[in-house]
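The sequence shown begins at 17 in the working numbering and counts up by one.
Ideal Cβ positions, reconstructed from N, Cα and C, are used throughout, including at glycine.
These notes concern the structure reproduced below.
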Amino acid sequence: MDATGTLKSEVNPRHVFLLLAGYFALHLLFRCFVSDSIELDEAEQLLLTQELRLGYGSQPPLYTWLQAGVFSLLGTNVFALAVVKNILLFLTYFFVYSSTKEITNDNNRAIIAMVSLLLIPQIFWESQRDLTHSVLGTTVASCTLFVTMRLLKTGKPAYYVLLGLCAGFGIVSKYNYAVFLVALLLALCSLKNLRAQLLNRKILISIICMLLVTSPHLYWAITNVKATLSQVDKFQISRSLGLLPSYLLGLQKLIRAVASFVGLLLPVYALFFYRKGTTLSVATDDRDYPLLIQRTLLAGLVLCLLMILFFKVTLFKDRWMQPVLFATPVYLATLPWARLTPVNARRYAQFTVLIAMAVLLLMPGRTIFASQLDTYNRLNSPYSALSAQLRDAGFKEGVIVAQSRLMGGNLKMFFPGSVVLAPEVPLFRYQTESDWLIVWDATKRAEMPDRLREFATRLAPTDLNALQPRYVQSLYKYSTDRSMRLGFLLVRREAR
Numbered sequence: 017m018d019a020t021g022t023l024k025s026e027v028n029p030r031h032v033f034l035l036l037a038g039y040f041a042l043h044l045l046f047r048c049f050v051s052d053s054i055e056l057d058e059a060e061q062l063l064l065t066q067e068l069r070l071g072y073g074s075q076p077p078l079y080t081w082l083q084a085g086v087f088s089l090l091g092t093n094v095f096a097l098a099v100v101k102n103i104l105l106f107l108t109y110f111f112v113y114s115s116t117k118e119i120t121n122d123n124n125r126a127i128i129a130m131v132s133l134l135l136i137p138q139i140f141w142e143s144q145r146d147l148t149h150s151v152l153g154t155t156v157a158s159c160t161l162f163v164t165m166r167l168l169k170t171g172k173p174a175y176y177v178l179l180g181l182c183a184g185f186g187i188v189s190k191y192n193y194a195v196f197l198v199a200l201l202l203a204l205c206s207l208k209n210l211r212a213q214l215l216n217r218k219i220l221i222s223i224i225c226m227l228l229v230t231s232p233h234l235y236w237a238i239t240n241v242k243a244t245l246s247q248v249d250k251f252q253i254s255r256s257l258g259l260l261p262s263y264l265l266g267l268q269k270l271i272r273a274v275a276s277f278v279g280l281l282l283p284v285y286a287l288f289f290y291r292k293g294t295t296l297s298v299a300t301d302d303r304d305y306p307l308l309i310q311r312t313l314l315a316g317l318v319l320c321l322l323m324i325l326f327f328k329v330t331l332f333k334d335r336w337m338q339p340v341l342f343a344t345p346v347y348l349a350t351l352p353w354a355r356l357t358p359v360n361a362r363r364y365a366q367f368t369v370l371i372a373m374a375v376l377l378l379m380p381g382r383t384i385f386a387s388q389l390d391t392y393n394r395l396n397s398p399y400s401a402l403s404a405q406l407r408d409a410g411f412k413e414g415v416i417v418a419q420s421r422l423m424g425g426n427l428k429m430f431f432p433g434s435v436v437l438a439p440e441v442p443l444f445r446y447q448t449e450s451d452w453l454i455v456w457d458a459t460k461r462a463e464m465p466d467r468l469r470e471f472a473t474r475l476a477p478t479d480l481n482a483l484q485p486r487y488v489q490s491l492y493k494y495s496t497d498r499s500m501r502l503g504f505l506l507v508r509r510e511a512r
């Protein structure tokens, strides 16, 4: 390590990115071959992409637009779902590397920051398993950070355009991206040497670009307030608790969410690089940039605290923190760690590779060995076999009314020409003259759920009470003794 804190023995980043690309390619391969059933967020995308709209509900539409475009190119299948996810995750790693490189001018520190994402469970596991909007929001946030670094260093108008586009795309990808954006702007304003790049006429370019991107969706959100706020209760805004109990509960949930996010990363990082009572090397000559990351993280947490104080929010989930706390490895890589030597950096990278290999094995293994572990998950659901039985029962194509978006999305995979409706998603255009299939999970309870009956009765072109329920059943994938059963009503067009 030289006097500036740069590690002397540098790793070729191209080799690292090739390994990273191989890692995500393997995830893509395993996902396609292990199961043709899909997870909850994936199923939601199968339903929402039935129509292109300016908005769909409580989540912004960019991921759905992106997924719809990929479906049009690759077809409606698991590969098309998984390829979007893995490309976005790869880009997140790339932008974390690039942002750190801009700050430290050190390839090794940048690589350390990047592979540190493999120590954040919400990124290495949950994002790969099911998340959609949070993945895209984090990718755009990491791109925003990189663009901001380039803007601060060059001041070129092109980066003001890119900053505005990033801000716009971030807002229409995940609403809590706004927390990161506001935190970043507050941090910039707090640093005298950097704020001049923000508070000048060229920032109007960024504002205009942001408005061009966000205006159509924001107009939809304002004119569809009920749909936009349809899931505001997930924040568990307290109305019955007193002021102090709601504050304490919100603070407790926030601390848990943050601890869950960095609870593995921080101790492992300290184990490899921290030494008490030694002279610290300097990671970068310009301390403004590390301070910018530090203050962005702190400002993001302060904004969350303000949500508790002013809106009595009592629930924070770790994945909601992802578009803000993803920058934690960037900040850690800029710190003057005394033991950040080439040897320790290599050992740290090797440890993260072990984590990556474990994830590669456990992700498909949880489905393949579900029977032995007695831990069945959604990918074990036998929707392909059940769909084949529904075809044999007489339904080929038409309107499907499903009990849930999870079931509806899975059935859409195997009946791509059908319109699928579910109580949890917006209504899409459908033809009443089609065949109708009303379907529910009858594994534990044979009768149609009341909520589905009420929903289907409003839509179906016939009296459902006159129809006799029928059932199909199949073993779970990778199981020899556990089955899933679907109940259904089939309304034939010629029978009406």
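Per DSSP, what kind of secondary structure is residue i in: helix, strand or coil?
i	result
Q489	strand
V359	helix
G414	strand
W336	helix
I454	strand
G503	strand
L319	helix
L437	strand
T295	In this predicted model, T295 has a pLDDT of only 46, less than 50, meaning its place in the structure is not dependable; the value taken from the coordinates is given anyway. Reduced to three states, the DSSP call for T295 is coil.
V188	coil
V329	strand
W141	helix
F385	coil
Give every residue of the same chain whose Cβ lies closer than 6 Å to the Cβ of residue i, excluding the five residues on either side of it in the sequence, and list them in chain order.
i	result
T368	V131, L134
K269	L331, F332
L402	V488, S490, L502
R311	A203, S206
W336	N192
E515	The question about residue 515 has no answer, for the chain in this structure spans 17 to 512.
Using C-beta distances below 7 Å, list every residue in its chain close to residue i, excluding the 5 sequence neighbours before and after it, in chain order.
i	result
P398	S490, L491, Y492, K493, M500
L78	L152, F185, V188, S189
Roughly how many whole angstroms lie between the Cα atoms of residue i and residue j?
i	j	result
V298	I128	With a pLDDT of only 47 at V298, under 50, the local geometry of the prediction cannot be trusted, and no value is derived from it.
G424	A386	23 Å
F111	F162	6 Å
V151	V375	17 Å
L296	P283	Since pLDDT at L296 reaches only 46, below the 50 mark, its modelled position is unreliable, and the value read off the structure follows with that caveat. Near 19 Å, if we compare the C-alpha coordinates of P283 and L296.
A372	A59	26 Å
L64	S420	13 Å
W353	Q338	25 Å
A19	T120	With a pLDDT of 46 at A19, under the threshold of 50, the predicted position of this residue should be treated as unreliable, though the coordinate-derived value follows. Cα to Cα, A19 sits roughly 13 Å from T120.
A3	L348	The structure shown does not extend to residue 3, since the chain is modelled only from 17 to 512, so the question has no answer here.
H31	G38	11 Å
S115	A409	56 Å
A41	C48	11 Å
V198	V329	19 Å
Q75	M226	18 Å
Given a threshold of 16 other Cβ atoms within 10 Å of its Cβ, counted over all protein chains shown, does residue i qualify as buried or as exposed?
i	result
I454	buried
S88	exposed
T170	exposed
N481	exposed
L210	buried
T154	buried
F326	exposed
K208	exposed
R508	exposed
P477	exposed
L260	exposed
S53	buried
Y113	buried
CB of residue i to nearest heavy atom of the ligand HEM: below 6 Å?
i	result
I219	The ligand HEM is not part of this structure, which contains no ligands at all.
Entirely enclosed alpha helix (DSSP H) segments - the segment 211-279, minimum 4 residues: 219-239, 241-244, 259-278, all fully within the segment 211-279.
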